[in-house]
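*Asks:*
Numbering (the numbering used here), first residue to last: 392 to 716.
Here is the structure:
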């Protein structure tokens with residue numbers, strides 16, 4: 392891998408307030424690469440002229456002739472990419488200046504993989520760091536265990552780089568996906584071509600309180616963990632086809648990846664009765680990571696799904712009061 396082999400594709404639809412920061416971060420790499428913006432036929436007809444006025448010939452700009460949706464717009468990026476390697480950068484995220492440098496470094500240390508990735512800061516609307524994704528145990532560079540990638544998505548946008556031709560050979564991203572179209576591809580790449588990671592923080596992913604895109608709505612309506620478990624089941628089936636001894640066990644997955652209490656507190660108040668019951672069941676099956684989680688499980692088991700919804704409503708009220716203060 393050399394820098395000339397890399398393209399960073401900034402994807403955008405209608406969330407335009409951060410796109411200049413995203414594009415600037417792609418152009419500010421310590422090692423320059425190709426940068427393009429791929430707009431999914433958004434409602435702002437002046438966006439292209441605005442972006443090109445600021446960045447000029449340093450980027451290429453493509454506007455889809457029709458709306459393709461989040462995951463199929465990634466396929467548009469694949470179609471437009473003329474280099475072996477591609478990074479997908481969402482309009483509201485931004486890269487650290489050493490992203491490309493880190494990817495070239497890990498590829499030199501662990502060559503011939505189809506996917507490379509690193510760690511991210513999670514930032515708020517103003518760009519303030521709220522937390523950082525966990526570090527990998529052990530060495531600074533690590534080859535990924537494809538079986539583990541099949542069971543849990545380790546890749547945080549935008550800290551990813553993958554072989555565009557490999558992704559095309561695997562059929563591209565699943566355009567009809569509601570939530571896990573990214574993990575679907577990462578698992579296929581890892582199982583077929585291998586993956587590796589670095590412990591360097593090389594990206595910033597923005598967290599929003601607003602409903603936003605379709606994937607955010609899936610989180611807010613409570614369907615995300617059901618879709619995640621379905622994806623894990625698909626990944627396990629692929630792994631078994633390749634002769635890897637793996638089976639799908641929902642309880643085992645929930646032991647290592649319990650349903651986050653923050654997810655329930657922030658969203659359960661507006662779940663439908665069916666989704667409330669489903670996520671309540673996942674809560675009870677999760678392995679408690681600490682005593683507070685265990686207490687929540689005990690109260691939920693005693694008081695039922697309505698307790699989870701009521702706790703979520705109380706959390707929301709307290710947060711509103713805190714924001715006003």
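We treat Cβ as the ideally placed atom computed from N, Cα and C, and that holds for glycine.
Which whole-angstrom value is the C-beta distance of residue 588 and residue 537, which I expect to be below 8 Å?
*Replies:* For the purposes of this step, residue 588 is taken as residue 197 along the chain shown, with counting starting at 1. For the purposes of this step, residue 537 is taken as residue 146 along the chain shown, with counting starting at 1. Rounded, the Cβ-Cβ distance is 12 Å, inconsistent with contact.
*Asks:* With which residues is residue 399 paired in a DSSP beta bridge?
*Replies:* Here residue 399 refers to the residue found at position 8 of the chain shown. According to the DSSP secondary-structure assignment, residue 399 is paired through a beta bridge with 426 and 478.
*Asks:* Our contact map puts residue 534 next to residue 594 with C-beta atoms below 8 Å; I'd like the distance itself, whole angstroms only.
*Replies:* Against the chain shown, residue 534 aligns to sequence position 143. Against the chain shown, residue 594 aligns to sequence position 203. Rounded to the nearest angstrom, the Cβ distance from residue 534 to residue 594 is 20 Å, too far for a contact under 8 Å.
*Asks:* Between 667, 659, 678 and 655, which has its C-alpha nearest residue 641's C-alpha?
*Replies:* Looking up residue 641 in the chain shown gives position 250. Here the closest residue by C-alpha is 678.
*Asks:* Helix, strand or coil for residue 681? Go by DSSP, reduced to three states.
*Replies:* Position 290 of the chain shown holds residue 681. Coil, per DSSP.
*Asks:* Below 7 Å CB to CB, which residues in the same chain sit around residue 660 once its five sequence neighbours on both sides are set aside?
*Replies:* Position 269 of the chain shown, counted from the start, is the residue given in the question as residue 660. Within its own chain, the residues whose Cβ lies closer than 7 Å to the Cβ of residue 660, once the five positions on either side in sequence are excluded, are 700, 703, 704 and 707, listed in chain order.
*Asks:* Just to confirm, does residue 612 get its C-beta within under 7 Å of one of the non-hydrogen atoms of the ligand FAD?
*Replies:* What this structure holds is no ligand at all, so the ligand FAD is not there to describe.
*Asks:* For a test of the three-state rule: what should DSSP assign to residue 485, helix, strand or coil?
*Replies:* In the chain shown, the residue the question calls residue 485 occupies position 94. Residue 485 falls in the strand class under three-state DSSP.
*Asks:* Rounding to the nearest angstrom, what Cα-Cα distance links residue 448 and residue 430 in this structure?
*Replies:* Mapped onto the chain shown, residue 448 falls at position 57. Mapped onto the chain shown, residue 430 falls at position 39. About 17 Å.
*Asks:* For residue 445, which residues of its own chain have a beta-carbon under 7 Å away from its beta-carbon, when the five flanking residues on both sides are left out?
*Replies:* In the chain shown, counting from the first residue as 1, residue 445 sits at position 54. Within the same chain, residue 445 has close Cβ partners 411.
*Asks:* Would you mind giving the Cβ-Cβ distance between residue 585 and residue 711, rounded to the nearest angstrom? I have them listed as a contact below 8 Å.
*Replies:* Your numbering for residue 585 matches position 194 in the chain shown. Your numbering for residue 711 matches position 320 in the chain shown. Going by Cβ atoms, the distance from residue 585 to residue 711 rounds to 47 Å, so no, they are not a contact pair.
*Asks:* If you drop the 5 nearest sequence neighbours on each side, which residues of the same chain put their C-beta closer than 8 Å to that of residue 683?
*Replies:* Residue numbering aside, residue 683 sits at position 292 when the chain shown is read from its first letter. Cβ within range, chain order: 652.
*Asks:* May I ask you to report which of helix, strand or coil DSSP gives residue 594?
*Replies:* Position 203 of the chain shown, counting from 1, holds the residue named residue 594. Looking at residue 594 - three-state DSSP - the assignment turns out to be strand.
*Asks:* Over what stretch of residues does the beta strand (DSSP E) that includes residue 599 continue unbroken?
*Replies:* Locating residue 599 in the chain shown gives position 208, where the first residue counts as 1. Neither: residue 599 is in no beta strand (DSSP E) and is coded neither H nor E.
*Asks:* With a Cβ-Cβ cutoff of 8 Å, do residue 493 and residue 509 count as a contact?
*Replies:* Indexing the chain shown from 1 puts residue 493 at position 102. Indexing the chain shown from 1 puts residue 509 at position 118. Cβ atoms of residue 493 and residue 509: closer than 8 Å.
*Asks:* Taking the alpha carbon of residue 698 as the point to measure from, which residue in 674, 489, 555 and 511 has its own alpha carbon closest?
*Replies:* Looking up residue 698 in the chain shown gives position 307. Checking every option, the nearest Cα to that of residue 698 belongs to 674.
*Asks:* Please determine if the segment 480–490 and the segment 412–422 are in contact, where contact requires at least 3 C-beta pairs separated by less than 8 Å.
*Replies:* yes
*Asks:* Suppose you measure from the CA of residue 554 to the CA of residue 543; what does that come to, to the nearest Å?
*Replies:* Numbered from its first residue, the chain shown carries residue 554 at position 163. Numbered from its first residue, the chain shown carries residue 543 at position 152. Near 21 Å, if we compare the C-alpha coordinates of residue 543 and residue 554.
*Asks:* Taking the CB atoms as reference points, tell me whether residue 615 and residue 548 lie closer together than 8 Å.
*Replies:* Here residue 615 refers to the residue found at position 224 when the chain shown is read from its first residue. Here residue 548 refers to the residue found at position 157 when the chain shown is read from its first residue. For residue 615 and residue 548, no; Cβs fall outside 8 Å.
*Asks:* Would you mind reading off the limits of the beta strand (DSSP E) that contains residue 672?
*Replies:* Locating residue 672 in the chain shown gives position 281, counting from the first residue. From DSSP, residue 672 is part of no beta strand (DSSP E) but of the alpha helix (DSSP H) over 664–676.
*Asks:* Confirm, please, whether the CB-CB distance from residue 559 to residue 471 is below 8 Å.
*Replies:* If you number the chain shown from 1, residue 471 lands on position 80. If you number the chain shown from 1, residue 559 lands on position 168. Their beta carbons are not under 8 Å apart, which means residue 471 does not touch residue 559 by this criterion.
*Asks:* For the candidate residues 428, 512 and 648, whose alpha-carbon lies nearest to that of residue 598?
*Replies:* Residue numbering aside, residue 598 sits at position 207 when the chain shown is read from its first letter. Answer by Cα proximity: 512.
*Asks:* Less than 8 Å between the C-beta atoms of residue 546 and residue 577, yes or no?
*Replies:* To locate residue 546, count along the chain shown from 1; it is residue 155. To locate residue 577, count along the chain shown from 1; it is residue 186. Going by C-beta atoms, residue 546 is nearer than 8 Å to residue 577.
*Asks:* In chain order, which beta strand (DSSP E) runs of at least 3 residues are fully inside the segment 527–577?
*Replies:* 532–534 and 551–554
*Asks:* Assign residue 409 to one of three DSSP states: helix, strand, or coil.
*Replies:* For the purposes of this step, residue 409 is taken as the residue at position 18 of the chain shown. Looking at residue 409 - three-state DSSP - the assignment turns out to be coil, as it is neither helix nor strand.
*Asks:* Which of the three DSSP states is assigned to residue 459 in this structure?
*Replies:* Against the chain shown, residue 459 aligns to sequence position 68. In the structure shown, residue 459 sits in coil (DSSP, three-state: anything other than H, G, I, E or B).
*Asks:* Drop a sphere of 10 angstroms on the beta-carbon of residue 458, count the other beta-carbons inside from all chains shown, and report buried for 16 or more, exposed for fewer.
*Replies:* Sequence index remark: in the chain shown, residue 458 carries index 67 (1-based). Residue 458 comes out exposed.
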